[in-house]
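Colleague: I am attaching a structure below and will ask some questions about it afterwards.
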Amino acid sequence: MSRELTYAEAIREAIDLAMARDERVFLFGEDVGVYGGAFGVTEGLYQKYGPERVRDTPISEAVIAGVATGAALTGMRPIAEIQFMDFITLSMEQLVLQAAKLRFMLGGKVTVPFVLRTPAGAGTGAAAQHSESLENWFVHVPGLKVVMPSTPADAKGLLLGAIEDPNPVIFVEHKLLYRVKGEVPEGYYTLPLSRSQVKRSGRDVTIVATSLMVSRALEAAAQLAAEGIEVEVVDPCTLKPLDSDPIVRSVVKTGRVLIVHEACKTGGFGGELAAVIAESEAFDFLDAPIRRLAGLDIPVPYNRELERRMVPQVDDIATAARRLVREAH
Amino acid sequence: MNELFADLTPERLRDLLHQMLLIRAFEESAEQLYLQGLIHGTMHLSIGQEGSAVGACAALRPTDYILSTHRGHGHCIAKGARADQMMAEFFGKESGYCRGRGGSMHMADVDTGNLGANGIVAGGVPMAAGVGLSIQMQRQDRVVLVFFGDGASNEGAFHESLNLAAIWNLPVIYFCENNQYAMSMSIARASKVDRISDRAAGYGMAGVTVDGNDLVAVYRETHAAAQRARGGGGPTLIEARTYRWKGHSKSDKQRYRTKEEVKEWQDRDPIARLVRHLIEAGLLSEAGLGDMQARVDAEMAAAIEFAKNSVEPDPATILEGVYA
Chain A
74 MSRELTYAEA
84 IREAIDLAMA
94 RDERVFLFGE
104 DVGVYGGAFG
114 VTEGLYQKYG
124 PERVRDTPIS
134 EAVIAGVATG
144 AALTGMRPIA
154 EIQFMDFITL
164 SMEQLVLQAA
174 KLRFMLGGKV
184 TVPFVLRTPA
194 GAGTGAAAQH
204 SESLENWFVH
214 VPGLKVVMPS
224 TPADAKGLLL
234 GAIEDPNPVI
244 FVEHKLLYRV
254 KGEVPEGYYT
264 LPLSRSQVKR
274 SGRDVTIVAT
284 SLMVSRALEA
294 AAQLAAEGIE
304 VEVVDPCTLK
314 PLDSDPIVRS
324 VVKTGRVLIV
334 HEACKTGGFG
344 GELAAVIAES
354 EAFDFLDAPI
364 RRLAGLDIPV
374 PYNRELERRM
384 VPQVDDIATA
394 ARRLVREAH
Chain B
1197 MNELFADLTP
1207 ERLRDLLHQM
1217 LLIRAFEESA
1227 EQLYLQGLIH
1237 GTMHLSIGQE
1247 GSAVGACAAL
1257 RPTDYILSTH
1267 RGHGHCIAKG
1277 ARADQMMAEF
1287 FGKESGYCRG
1297 RGGSMHMADV
1307 DTGNLGANGI
1317 VAGGVPMAAG
1327 VGLSIQMQRQ
1337 DRVVLVFFGD
1347 GASNEGAFHE
1357 SLNLAAIWNL
1367 PVIYFCENNQ
1377 YAMSMSIARA
1387 SKVDRISDRA
1397 AGYGMAGVTV
1407 DGNDLVAVYR
1417 ETHAAAQRAR
1427 GGGGPTLIEA
1437 RTYRWKGHSK
1447 SDKQRYRTKE
1457 EVKEWQDRDP
1467 IARLVRHLIE
1477 AGLLSEAGLG
1487 DMQARVDAEM
1497 AAAIEFAKNS
1507 VEPDPATILE
1517 GVYA
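Sequence order for the protein chains is A and B.
If you count the first sequence from 1, position 86 lands on 159 in the working numbering, and the numbers rise without skipping.
If you count the second sequence from 1, position 62 lands on 1258 in the working numbering, and the numbers rise without skipping.
What follows is the structure in structure tokens.
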């Protein structure tokens, strides 16, 4: 059985189910309690589980990451929230130099099973310090996992999968997806991490997209279908460790690939994806160069129109995919 | 309670002296092995600081946790680790505590509650709040003691962690080994307050400064802090004033301090002090001390042999341990 939930409701339901099922799971972060989280994601959980398991913290992002690490190291299953992904810059030392490396440095004798949830992305008029998409920083760090769900059903299943995972997981939610609705199965279920999903099948061109860009790619695909162009949309869901096979298989089939993400292009995840494809057997099947469509290399602007132009929109994706299909062999 | 020895029995005192001698022997061996080219990398020796390491850990139970620092060999031994597996780790061998992956700066022995040394100044301090919360939420009869230096007390993470532990009443002992220098920067130049423990007041927690070269005094204050934490009284900041006799690491030319200053602190050797007190009290003889030193020397020789004879990690296992 399933019913329609928003992405935010699906995340809340996942946290609720995990907390009901496992006493070791607890939620903490800035304003996650009575306030219900800056985006309302954790509403009602404080009332249900009380102040010990749903904890408001001071504005202290370094120690939020430290608490997640220390508690995970000693038998708990923390879910930390960093209120905006931008603020994760203040948590970097504990995440990158401690949580990610502890297991390796200690010869594999410990595990650090926590989930750090954080809302990312532009489109809310919050300007340059509340709109970041920094996922690729964490992709670069061995020991961390990076998950970016694009639908309510994926968000629920991947979050429960991340909570069960014995490693530190950076779980990147998109603010503009919070109110998006979708069918979500009832009850407890997990989606395995490191499993790319083909969200739409097509033979002419592959679009690999992440997070909010998946739904935009699907909209673009619907437009292009009316023009006779069949787009295949692949969502990695987990950026690290990446399940590259479905991506490579898709490019082998279509011979053309457009990579779309919101984060700035330079040094973004698209570069890694392009390299993975170029190094794979798909290289010999490419009928056109690998293309990337990504955020402009600028801080997120405040002005509504400038902000819109900074991030790939449906028309931009459709235009880029159409051009790619029409490129000569 | 005996003024001089608190509630420590003669047997326990001799055991603690043995630990201090073992730490010094470990550090001296480490330095020699480095000079012989048998160990690579760098190391941070804790010679002169044995009183704070052993005094602090003596007040803990085997089930309690510690988080340690880059100058952590002494903490590791004091919490109960074996010298041979430590030395093997130092040699980068598979039989080392971290299978040769961590080395001196990440020495850990999870089985004795040592959650690891740390290469980042104040790196363990935020984690300590997490360990404390974990203990509190699991209703465990444990405490966590996090070692850090005077330098760490000026990191932002120090502030966040102490504040959180205080408001959540966490069973954490913040144990500052003030060895007077953050590499070359003296605490006198790095802080406007005289006592690092005074900062505790800013978090609403108990703070105390103790002579770090007086093992019994360190034990007494740490024991009080552990009792407070176990009884739900929350965290304590302890500042143990001590001194590192050697440079910060192997590259240190020690231009920032005088030979006279070093000599002055060497005259306050924590080991010589406990030896003197034990002999004066009739709890140790010169012959007994000689036997103890001989046992320590034999233990170190065996540890070095174990390390030398252990196998290197198999390169085929290089990817192990990144993910669980």
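For glycine and all other residues, C-beta sits at the position ideal for the given N, C-alpha and C.
(1) Considering Cα atoms alone, identify which of B:1316, B:1321 and B:1414 is closest to residue 1379 of chain B.
(2) Which residues mark the beginning and the end of the alpha helix (DSSP H) in which residue 142 of chain A is found?
(3) Buried or exposed: where does residue 1231 of chain B fall if 16 or more other Cβ atoms within 10 Å of its Cβ makes it buried?
(4) Hey, would you say residue 211 of chain A sits closer than 9 Å to residue 150 of chain A, going by beta carbons?
(5) Look up residue 167 of chain A in the DSSP assignment and give the residues it is bridged to.
(6) Alpha carbon to alpha carbon, what distance is there between residue 354 of chain A and residue 324 of chain A?
(7) Residue 376 of chain A touches chain B at which residues, Cβ-Cβ below 9 Å?
(8) Taking contact to mean at least 3 C-beta pairs separated by less than 8 Å, is the segment 367 to 384 of chain A in contact with the segment 264 to 271 of chain A?
(9) By how many angstroms is the C-alpha of residue 136 of chain A removed from the C-alpha of residue 1318 of chain B?
(10) Residue range of the alpha helix (DSSP H) that residue 1178 of chain B falls in?
(11) Entirely within the segment 1234 to 1280 of chain B and at least 4 residues each: give me those alpha helix (DSSP H) ranges in chain order.
(12) What first and last residue would you give for the alpha helix (DSSP H) that runs through residue 349 of chain A?
(13) Output the boundary residues of the alpha helix (DSSP H) element that contains residue 229 of chain A.
(14) Going along the chain, which residues of its own chain have a beta-carbon closer than 6 Å to the beta-carbon of residue 1399 of chain B, five neighbours each way excluded?
(15) Tell me which residues share the same chain as residue 1197 of chain B and place their Cβ nearer than 6 Å to its Cβ, disregarding the 5 neighbours each side in the sequence.
(16) Going by beta carbon distance, what residues of the same chain come within less than 7 Å of residue 1218 of chain B, once the five residues before and after it are set aside?
(17) Is there a Cβ of chain A sitting closer than 9 Å to that of residue 1519 of chain B, yes or no?
(18) Can you name the residues of chain B whose CB is closer than 8 Å to the CB of residue 141 of chain A?
(19) Based on the DSSP output, what are the partners of residue 1382 of chain B in its beta bridges?
(20) Would you call the segment 1412 to 1422 of chain B in contact with the segment 1224 to 1243 of chain B, where contact means no fewer than 3 C-beta pairs closer than 8 Å?
(21) For residue 1287 of chain B, does the count of other Cβ atoms within 10 angstroms reach 16, so buried, or fall short, so exposed?
(22) For residue 1452 of chain B, return the contacting residues in chain A, with the cut-off set at a CB-CB distance below 9 Å.
(23) Can you tell me whether residue 1236 of chain B is buried or exposed, with buried defined as 16 or more other CB within 10 angstroms of its CB?
(24) Taking the C-alpha atoms as reference points, what is the distance between residue 291 of chain A and residue 271 of chain A?
(25) On the DSSP bridge list, what partners appear for residue 1505 of chain B?
(26) Tell me whether residue 1182 of chain B sits in a helix, a strand or coil according to DSSP, three-state version.
(27) Of all the residues that make up the segment 1332 to 1358 of chain B, which are near chain A by a beta-carbon distance shorter than 7 Å?
(28) Compute the Euclidean distance between the alpha carbons of residue 294 of chain A and residue 141 of chain A, then round it to the nearest angstrom.
(29) Throw me the rounded Cβ distance for the residue 233 of chain A and residue 262 of chain A pair, which I believe falls under 8 Å.
(30) Can you say whether residue 51 of chain A is buried or exposed, counting buried as having 16 or more other CB atoms within 10 angstroms of its CB?
(31) Is the shortest distance between the beta-carbon of residue 1311 of chain B and the beta-carbons of chain D less than 9 Å?
(32) Under 7 Å Cβ-Cβ, which residues of chain A neighbour residue 1302 of chain B?
(33) Hey, could you find the ends of the beta strand (DSSP E) residue 331 of chain A is sitting in?
(34) Measure from the alpha carbon of residue 1513 of chain B to the alpha carbon of each residue in A:177, A:277, A:104 and A:129, then state which is nearest.
(35) Give me the chain B residues within the contact set of residue 99 of chain A, using Cβ-Cβ distance strictly less than 8 Å, ordered along the chain.
Modeller: Short version:
(1) B:1316
(2) That run of the alpha helix (DSSP H) goes 134 to 146.
(3) exposed
(4) no
(5) BP columns for residue 167 of chain A are empty, so no partner.
(6) Cα-Cα distance, rounded: 9 Å.
(7) Near residue 376 of chain A there are no residues of chain B at all, since even the closest Cβ is about 34 Å away, more than 9 Å.
(8) Segments in contact, no.
(9) 11 Å
(10) Past the edges of chain B, shown from 1197 to 1520, lies residue 1178 of chain B, and the structure says nothing about it.
(11) 1246 to 1254 and 1269 to 1274
(12) In the DSSP assignment, residue 349 of chain A falls within the unbroken alpha helix (DSSP H) covering 342 to 352.
(13) 225 to 237
(14) 1358, 1359 and 1362
(15) Confidence in residue 1197 of chain B is poor, its pLDDT being 47 and thus under 50, which makes the residue's placement unreliable; the coordinate value appears in the next sentence. Excluding residues up to 5 positions away in sequence, 1203 lie with their Cβ nearer than 6 Å to the Cβ of residue 1197 of chain B in the same chain.
(16) So the qualifying residues of the chain are 1273, 1279, 1492 and 1495.
(17) yes
(18) 1326
(19) B:1377
(20) no
(21) Classification for residue 1287 of chain B: buried.
(22) Result: empty, since nearest Cβ-Cβ is about 26 Å, beyond 9 Å.
(23) exposed
(24) Going by the C-alpha atoms only, they are around 11 Å apart.
(25) Per DSSP, none; premise fails for residue 1505 of chain B.
(26) Limits of chain B in this structure are 1197 at one end and 1520 at the other, which puts residue 1182 of chain B out of reach.
(27) 1333, 1334, 1352, 1353, 1356 and 1357
(28) 40 Å
(29) About 7 Å separates the beta carbon of residue 233 of chain A from that of residue 262 of chain A, a gap short enough to meet the 8 Å contact definition.
(30) Lying before the first or after the last residue shown, residue 51 of chain A is absent from chain A, which here runs from 74 to 402.
(31) Within the model displayed, chain D is absent; protein chains A and B are what it includes.
(32) 178 and 179
(33) 330 to 337
(34) The option with the nearest alpha carbon to residue 1513 of chain B is A:177.
(35) 1333
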